[in-house]
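Colleague: In our numbering, the protein residues as written are -18 to 232.
Before I ask anything, here is the structure I am working with.
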């Protein structure tokens, strides 16, 4: 059996209870060493075979899984955050389907959730933004034309950029060309929920400068939007004058 497990956003105790249990039971663990907190490996058994996939190809990862399956062992493929977001798990699952292997996916706390916690912010505020766009700037890996930052920025919603810290000069130009004003609130969250977490608040037009001045080149998320400002409407859910299925409005 093969388990894909989300390691969580960084802090070792933010892995799910199920994920921690599977990690402790595994015979083989393949973890994303460049992104996963190594403290999580302390959960593994002393006799567990541990592989760092940072320097491995897909074929090498699959070879480890093949050998474990042939020996009747349990494998945990430990991905950063939640494996469904930029986890490159589809190609692994398709390969396992072709081999007839049984596998399961355990979700994790994504770093975009960790970033909101670090910012002490709510992505969805009434009359500010009810939509969160999770995307990345175009680099060596292209993005579909309709998902260019300029096009997505036209919605003016909350936006969280993964894998974009080294592309901020172009990204901030595209964001402003798409509709965000130069003074739209923004933030760079470095290693959200890790012990060395850092938060830098800025504006869309100063993203690149902020990263450069603070020597942030990777392992950071970029958040953009009015949710980082101070203006928003009160939620109707808890408004005494608003009725819903669990409460009548007060008179």
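All residues carry an ideal CB built from backbone N, CA and C; glycine is no exception.
Answer yes or no: do residue 202 and residue 143 have a C-beta to C-beta separation smaller than 8 Å?
Modeller: Within the chain shown, the letter at position 221 stands for residue 202. Within the chain shown, the letter at position 162 stands for residue 143. Against a cut-off of 8 Å, the Cβ pair of residue 143 and residue 202 comes out as a contact.
Colleague: Taking the alpha-carbon positions, what's the residue 134 to residue 164 distance?
Modeller: Here residue 134 is taken as the residue at index 153 of the chain shown, counted from 1. Here residue 164 is taken as the residue at index 183 of the chain shown, counted from 1. Near 14 Å, if we compare the C-alpha coordinates of residue 164 and residue 134.
Colleague: Please classify residue 108 as buried or exposed, where buried requires at least 16 other C-beta atoms within 10 Å of its C-beta.
Modeller: As a first step, residue 108 must be located in the chain shown, where it is residue number 127. It counts as exposed.
Colleague: Could you check where the beta strand (DSSP E) with residue 17 kicks off and where it finishes?
Modeller: What you label residue 17 is simply residue 36 of the chain shown in a count that begins at 1. Here residue 17 belongs to no beta strand (DSSP E), and DSSP marks it neither H nor E.
Colleague: May I have the straight-line CA-CA distance separating residue 150 from residue 119, to the nearest angstrom?
Modeller: Translated into the one-based positions of the chain shown, residue 150 becomes position 169. Translated into the one-based positions of the chain shown, residue 119 becomes position 138. Straight-line Cα distance between these residues: approximately 12 Å.
Colleague: Check whether the Cβ atoms of residue 117 and residue 145 sit closer than 8 Å, and answer yes or no.
Modeller: To locate residue 117, count along the chain shown from 1; it is residue 136. To locate residue 145, count along the chain shown from 1; it is residue 164. Against a cut-off of 8 Å, the Cβ pair of residue 145 and residue 117 comes out as a contact.
Colleague: Can you grab the Cα-Cα spacing for the pair residue 223 / residue 105, in whole Å?
Modeller: As a position in the chain shown, residue 223 is number 242, starting the count at 1. As a position in the chain shown, residue 105 is number 124, starting the count at 1. Whole-angstrom Cα-Cα distance: 19 Å.
Colleague: Does the contact criterion of 3 or more C-beta pairs under 8 Å hold for the region 214 to 223 versus the region 182 to 198?
Modeller: Contact fails: fewer than three Cβ-Cβ distances are below 8 Å.
Colleague: Inspect the beta-carbon positions of residue 168 and residue 182 and report whether they are closer than 8 Å.
Modeller: Here residue 168 is taken as the residue at index 187 of the chain shown, counted from 1. Here residue 182 is taken as the residue at index 201 of the chain shown, counted from 1. Yes, they are a contact pair.
Colleague: I'd like to know whether the C-beta atoms of residue 100 and residue -8 end up nearer to each other than 8 Å.
Modeller: Taking the chain shown and counting its residues from 1, one reaches residue 100 at position 119. Taking the chain shown and counting its residues from 1, one reaches residue -8 at position 11. No, Cβ-Cβ distance for residue 100 and residue -8 is not below 8 Å.
Colleague: Do residue -3 and residue 87 come within 8 Å of each other at the CB atom, strictly closer than that value?
Modeller: Counting from 1 along the chain shown, the entry for residue 87 is found at position 106. Counting from 1 along the chain shown, the entry for residue -3 is found at position 16. Yes. Within cutoff.
Colleague: Relative to the alpha-carbon of residue 166, which residue among 226, 156, -13, 175 has its alpha-carbon at the smallest distance?
Modeller: One-based indexing of the chain shown puts residue 166 at position 185. The shortest Cα separation from residue 166 among 226, 156, -13, 175 belongs to 156.
Colleague: Taking the DSSP output, what are the residues bridged to residue 204?
Modeller: The sequence position of residue 204 within the chain shown is 223, counting from 1. DSSP output for residue 204 lists 141, 168 as bridge partner(s).
Colleague: Output the boundary residues of the alpha helix (DSSP H) element that contains residue 42.
Modeller: In the chain shown, counting from the first residue as 1, residue 42 sits at position 61. That run of the alpha helix (DSSP H) goes 39 to 51.
Colleague: Is residue 185 near residue 161, with beta carbons less than 8 Å apart?
Modeller: As a position in the chain shown, residue 185 is number 204, starting the count at 1. As a position in the chain shown, residue 161 is number 180, starting the count at 1. Result yes, Cβ atoms of residue 185 and residue 161 sit closer than 8 Å.
Colleague: Buried or exposed for residue 35, going by 16 or more other Cβ atoms inside 10 Å?
Modeller: Locating residue 35 in the chain shown gives position 54, where the first residue counts as 1. Result: exposed.
Colleague: Tell me the rounded alpha-carbon separation between residue 23 and residue 33.
Modeller: Taking the first residue of the chain shown as position 1, residue 23 is located at position 42. Taking the first residue of the chain shown as position 1, residue 33 is located at position 52. In a straight line, the C-alpha of residue 23 is about 14 Å away from that of residue 33.
Colleague: Residue 13: buried (16+ other C-beta within 10 angstroms of its C-beta) or exposed?
Modeller: Start at 1 with the first residue of the chain shown, and residue 13 comes out as number 32. Classification of residue 13: buried, given that the 10 Å Cβ count is 16 or more.
Colleague: Along the chain, which unbroken stretches of the alpha helix (DSSP H) at least 4 residues long are found entirely within the region 42 to 112?
Modeller: Complete alpha helix (DSSP H) runs here, min 4: 71 to 80, 92 to 100.
Colleague: Excluding the 5 residues preceding and the 5 following residue 131 in the sequence, name in chain order all residues of the same chain whose CB lies nearer than 6 Å to its CB.
Modeller: Locating residue 131 in the chain shown gives position 150, where the first residue counts as 1. 155, 158, 159, listed in sequence order.
Colleague: Look at the alpha carbon of residue 73 and the alpha carbon of residue 79, and state the distance between them as a whole number of angstroms.
Modeller: Indexing the chain shown from 1 puts residue 73 at position 92. Indexing the chain shown from 1 puts residue 79 at position 98. Residue 73 and residue 79: Cα-Cα distance of roughly 10 Å.
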